[in-house]
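Here is the structure we will look at.
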Amino acid sequence: MKWSIEHKVLTGFAVALAILAVIGWLAYQSTVSFMHASTQATHSQKTITALEEIFSLANQAETRQRIYLISGDERHLAPRRAYIDRIHILLGKIRDTTAGNPGQQALLRRLDGHIDARLALLEGVLKVRREQGFEPARLKLMAGNGEREMEAIHETVLQLEKGETARMQQWVDASRENSDQMLIIFFVALVSVAIFFGVLFLFIVRELAERRQAEEQRALLMHELESANEELKNFGYVVSHDLKAPLRAIGSLADWISTDYADKFDDEGKEHMRLLISRVYRMDGLIDGILQYSRVGRVKETIVAVDLNRLVREVIDLLAPPKNMTVSIVNPLPTVMTEPTRIQQVFQNLLSNAIKYMDKPEGKIRIACVAEGTQWKFSISDNGPGIDQQHFEKIFQLFQTLAPRDRVESTGVGLALVKKIVEMYGGRVWLESTVGKGSKFFFTLPRTAAIPSQPKEHKT
Amino acid sequence: MKITNKPILLVEDDQVDVMTVKRALKEIHVTNPMVNLENGAEALKYLRDPKNVKPCIILLDLNMPIMNGIEFLQVAKHDAQIKRIPVVVLTTSEEQQDKVNSFDLGVAGYMAKPVDYRQFVEVMRTIDAYWTISEMPQ
Numbered sequence: 002m003k004w005s006i007e008h009k010v011l012t013g014f015a016v017a018l019a020i021l022a023v024i025g026w027l028a029y030q031s032t033v034s035f036m037h038a039s040t041q042a043t044h045s046q047k048t049i050t051a052l053e054e055i056f057s058l059a060n061q062a063e064t065r066q067r068i069y070l071i072s073g074d075e076r077h078l079a080p081r082r083a084y085i086d087r088i089h090i091l092l093g094k095i096r097d098t099t100a101g102n103p104g105q106q107a108l109l110r111r112l113d114g115h116i117d118a119r120l121a122l123l124e125g126v127l128k129v130r131r132e133q134g135f136e137p138a139r140l141k142l143m144a145g146n147g148e149r150e151m152e153a154i155h156e157t158v159l160q161l162e163k164g165e166t167a168r169m170q171q172w173v174d175a176s177r178e179n180s181d182q183m184l185i186i187f188f189v190a191l192v193s194v195a196i197f198f199g200v201l202f203l204f205i206v207r208e209l210a211e212r213r214q215a216e217e218q219r220a221l222l223m224h225e226l227e228s229a230n231e232e233l234k235n236f237g238y239v240v241s242h243d244l245k246a247p248l249r250a251i252g253s254l255a256d257w258i259s260t261d262y263a264d265k266f267d268d269e270g271k272e273h274m275r276l277l278i279s280r281v282y283r284m285d286g287l288i289d290g291i292l293q294y295s296r297v298g299r300v301k302e303t304i305v306a307v308d309l310n311r312l313v314r315e316v317i318d319l320l321a322p323p324k325n326m327t328v329s330i331v332n333p334l335p336t337v338m339t340e341p342t343r344i345q346q347v348f349q350n351l352l353s354n355a356i357k358y359m360d361k362p363e364g365k366i367r368i369a370c371v372a373e374g375t376q377w378k379f380s381i382s383d384n385g386p387g388i389d390q391q392h393f394e395k396i397f398q399l400f401q402t403l404a405p406r407d408r409v410e411s412t413g414v415g416l417a418l419v420k421k422i423v424e425m426y427g428g429r430v431w432l433e434s435t436v437g438k439g440s441k442f443f444f445t446l447p448r449t450a451a452i453p454s455q456p457k458e459h460k461t
Numbered sequence: 009m010k011i012t013n014k015p016i017l018l019v020e021d022d023q024v025d026v027m028t029v030k031r032a033l034k035e036i037h038v039t040n041p042m043v044n045l046e047n048g049a050e051a052l053k054y055l056r057d058p059k060n061v062k063p064c065i066i067l068l069d070l071n072m073p074i075m076n077g078i079e080f081l082q083v084a085k086h087d088a089q090i091k092r093i094p095v096v097v098l099t100t101s102e103e104q105q106d107k108v109n110s111f112d113l114g115v116a117g118y119m120a121k122p123v124d125y126r127q128f129v130e131v132m133r134t135i136d137a138y139w140t141i142s143e144m145p146q
C-alpha cells in the first residue's frame, strides 16, 4: 500500500510525539520517586537531630538536678519540667517519622523505657533531697544505677542514629541511581528523537523534490496536450476550409461537365458522372460529420433550462417521419439545464436512425423517461430491424456503419456524436436489441444541471 | 439587381468558385458587369480608386491570402465611402465565430457555399431576388 506524504508525515510526527510522551512520563515518575527519597532523607535527618536534642536535654536535665542536689535551690528545678516535656514531644515526633520501620520503632520503645526509668530514678533522689536533706540524697544517688541507665540511653540513641544514617544513605543512593538512569534514558530518547526527526526531514525533502519533479513533468505534459488540442482545433478548421473548397470545385466541375457535354456521354459515362457527384456529396457529409463531432465540447453554448417535451416535438417535426410511422412520447419529459443544441443532436440522431432504418410496414417509435436516483434515464425504442449484440460497441465508434453506404446513406457519425455528448454531461449510453424485433437505446443525464465536464479551453 | 449598370464586386481567390459565381449569375440572367479581385487588400484599393465605379454589392469570401474577409470588413465598415455598400459573405466556413464577427461588422447576409452546384444557383437566385426588391442609397 502506497501512503501519501501527508500520512507519512503525520505518522512521523505521531511517533515523535509518542516518544516525547514516554520521556515525559519517565521524567514524571523519576521526579516523584526523587521527591519521595528526598522526603525520606529529610525525615531521617530530622530524626537524627531530634535524637541528639533528646540526649542533650536528658544531660541538661540531669545537670540541673545535680546542681539542685548540691545547692538545694528550687529555681534550678524549674526548667527541668520543660526539658522533660520537650523530650516527650521529640520522642512523639520520632515515632511519627520512623513509622513503618519496625526496627527503629523497637529501639525507640527501648529508649522511651530507659528515659522513663532514668527520670523515675532522679525523681526518687529529688524526693529524698527535698524531705531528708543532702546526705541521704547523695547516698541514694550513689546507690542507684543512674550511670548505667544513662549509658543505656546513650547506647540506644547511638543505635537509632546509626539506623537512621544507614536509611538516609540508602535513600540518597537510590535517588542517585535513579537520576543516573534517568539521564541515560533522556540522552537515548533525545538522540533517537533527533535521529527520527532528521530522517523525517530528509524524507520530506526527498518527497518534495520528487513532487516538484512530477509537477514539472505534468506541466510539460499539459503544455504538450494543450498544443495537441490546439492542433486538433486547427485541424478541424483546415478540414472545413481547405478540404471543402477543392471538393466543392470537383462537384461543380463534374456538374458542368455532365450538363454541358451531356450529348457527348454514353449511358456508362453518364452513370460514372452520377457516381462521381454522389461521392462528392458523401465526402462532404463525412467532412461535416468530423466538424460536428469535433465541435462538441469545443464550442460552448449557454446552459439554459430546456423543456424536452417541446424540444423533442420540434425534432420530430424536423425529421418529418413518413406516414407509416408513429413517433410517440410515452410520458411527460423533464426540463433539464443543458445546452439546447447538444441535447437536440442527441434526440435527432437517435430518432433519425430509428426512422431511417425502419423495415416494418407499421413503424412504432416510442420515447420515454424515468427518474433513476440522481439521473434521468431516457429510452427510445423502435420495432425496426434490431442490432446483433456483437455490434453493440462498434456502432458508437466514429464512421462505423452496419449497412453499406450505397444502400443507406450514412456517415457513421451520429451515434459517436450521441455518445460524446452524453458522456460529456456525465451520462451513459447503451442499447438493448433483438434482431428482427427492434432496438431500445438508453441514455442518462444527471438530474442536477448537466454541465459539460470539459477542461477549460484556451481562447486564441 | 435593382441597379443594373453598377458592377458586382466578387472578392474571391478560388478560380473555380469565381467560375461558379459567374456561371450561376449568367444562368439566372444577371447582366451587371462583374469585377473579381483576389483578396481584401486589392478590393480596398479598387474601392478607394475614384476612377472606378462603386459596386452595387460586394460578394465576399472569408478565407483568402494577404487580407482575409474579416480583415477587409474591419477596414471597409469604418470607411465612410465604402461602408454603405451591402456585403454578402459567401464562404465555406460554418464556424460560429466567423458568423459572429461578420454580423458584428454589419454584413447584409452570410451564405455557406453548398457543394452542390444546383443549390448554389438557388443561393445566387435568392440574393439577386432580394437585391432586386431592396431599396439602396444612391
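Those protein sequences? They're chains A and B, same order as listed.
Residue 2 is where the first sequence starts when you use our numbering, and the numbers rise one by one after that.
Residue 9 is where the second sequence starts when you use our numbering, and the numbers rise one by one after that.
Just so it is clear, CB atoms sit at the ideal spot from N, CA and C, and this is done for glycine as well.
Model, not experiment: these values are computed from the prediction.
Go through its chain and collect everything with a Cβ distance to Gln-390 (chain A)'s Cβ below 8 Å, but skip five positions before and after it.
Ser-434
Can you tell me where the alpha helix (DSSP H) with Glu-53 (chain A) in it begins and where it stops?
6-72
What residue range is occupied by the uninterrupted beta strand (DSSP E) comprising Asn-44 (chain B)?
It spans 42-45 - the beta strand (DSSP E) in which Asn-44 (chain B) sits, taken as one unbroken run.
Residues within the region 20-31 of chain B neighbouring chain A, beta-carbon criterion of under 9 Å
Asp-22, Gln-23, Val-24, Asp-25, Met-27, Thr-28 and Arg-31
Any chance the region 59-73 of chain B sits against the region 12-25 of chain B, with 3 or more Cβ pairs inside 8 Å?
yes
For Ile-68 (chain A) and Lys-141 (chain A), I'd like the C-alpha separation in whole angstroms.
16 Å
If contact means a Cβ-Cβ distance below 7 Å, which residues of the region 45-77 of chain B contact chain C?
Going by chain labels, chain C is absent from the structure shown, which instead holds the protein chains A and B.
Is the beta carbon of Asp-57 (chain B) within less than 7 Å of some heavy atom of the ligand ADP?
Among the ligands in the structure shown, none appear at all, so the ligand ADP cannot be discussed.
Name the residues in the region 74-107 of chain B whose C-beta lies less than 8 Å from a C-beta of chain A; which are they?
Thr-100, Ser-101, Glu-102, Glu-103 and Gln-104
For the alpha helix (DSSP H) that Lys-62 (chain B) lies in, which residues bound it at each end?
Note, Lys-62 (chain B): premise wrong, no alpha helix (DSSP H); not H, not E.
With three or more beta-carbon pairs closer than 8 Å as the criterion, would you say the region 154-169 of chain A touches the region 123-133 of chain A?
no
Could you tell me whether any Cβ in chain B is nearer than 8 Å to the Cβ of His-8 (chain A)?
no
Residue from B:Gln-105, B:Asp-25, B:Val-123 and B:Pro-58 whose Cα sits closest to the Cα of Glu-46 (chain B):
B:Asp-25
For Thr-336 (chain A) and Val-307 (chain A), believed in contact at Cβ under 8 Å, the rounded distance:
7 Å
Enclosing alpha helix (DSSP H) for Phe-266 (chain A) [first to last residue]:
No alpha helix (DSSP H) holds Phe-266 (chain A); DSSP gives it neither H nor E.
Going by the DSSP bridge assignment, what does Gly-364 (chain A) pair with across the sheet?
A:Met-326
Tell me which same chain residues have a C-beta within less than 8 Å of the C-beta of Gly-387 (chain A), skipping the five on either side of it?
Ser-434, Thr-435, Val-436, Gly-437, Lys-438, Gly-439 and Ser-440
Count the other CB atoms, across all protein chains shown, that sit within 10 Å of the CB of Ser-101 (chain B); report buried if there are 16 or more and exposed otherwise.
buried
Quick check: the Cα distance between Gln-455 (chain A) and Phe-348 (chain A), rounded to an integer number of angstroms?
Since pLDDT at Gln-455 (chain A) reaches only 45, below the 50 mark, its modelled position is unreliable, and the value read off the structure follows with that caveat. So the alpha carbons of these two residues sit roughly 21 Å apart.
Within a Cβ cutoff of 6 Å, which residues of the same chain sit near Ile-88 (chain A), ignoring the five residues on either side of it in sequence?
Ile-55 and Leu-58
Between the Cα of Lys-324 (chain A) and the Cα atoms of A:Ile-356, A:Leu-312, A:Thr-339 and A:Glu-340, which residue gives the shortest distance?
A:Ile-356
For Val-115 (chain B), which residues in the same chain have their Cβ closer than 6 Å to its Cβ, ignoring the five residues on either side in sequence?
The residues are Val-95 and Val-97.
Determine, using beta carbons only, whether Arg-249 (chain A) comes closer than 8 Å to chain B.
yes
For chain B, check one thing: does any of its Cβ atoms lie closer than 8 Å to the Cβ of His-242 (chain A)?
yes
Minimum length 3: unbroken beta strand (DSSP E) runs contained in the region 50-110 of chain B
65-68 and 95-99
Could you pull the start and end residues of the alpha helix (DSSP H) that Ala-355 (chain A) belongs to?
341-357
Beta-ladder partner(s) of Ser-440 (chain A), from DSSP:
A:Ser-434
Let me check understanding here. Comparing Cα to Cα, which of B:Pro-145, B:Arg-126 and B:Leu-113 lies closest to Lys-85 (chain B)?
B:Leu-113
Interface flag, Tyr-118 (chain B) vs chain A, CB-CB below 8 Å
no
Secondary structure of Met-144 (chain B), DSSP reduced to three states
coil
Residues in the region 122-133 of chain B having any Cβ partner in chain A nearer than 9 Å:
Pro-122, Val-123, Asp-124, Tyr-125, Arg-126 and Phe-128
Among A:Asn-354, A:Val-414, A:Asp-289 and A:Lys-9, which residue has its Cα nearest to the Cα of Pro-122 (chain B)?
A:Asp-289
Distance, Cα to Cα, Arg-111 (chain A) vs Leu-122 (chain A)?
16 Å
Which residues in chain B sit within 9 Å of Val-305 (chain A), going by Cβ to Cβ distance?
By Cβ distance, chain B contributes nothing, its closest Cβ being about 17 Å from Val-305 (chain A), past 9 Å.
Check this for me: beta carbons of Val-239 (chain A) and Leu-292 (chain A), under 8 Å apart or not?
With respect to Leu-292 (chain A), Val-239 (chain A) sits apart: the two C-beta atoms are not nearer than 8 Å.
Using alpha carbons as the reference points, say which of B:Asp-87, B:Ala-51 and B:Asp-57 lies closest to Pro-73 (chain B).
B:Ala-51
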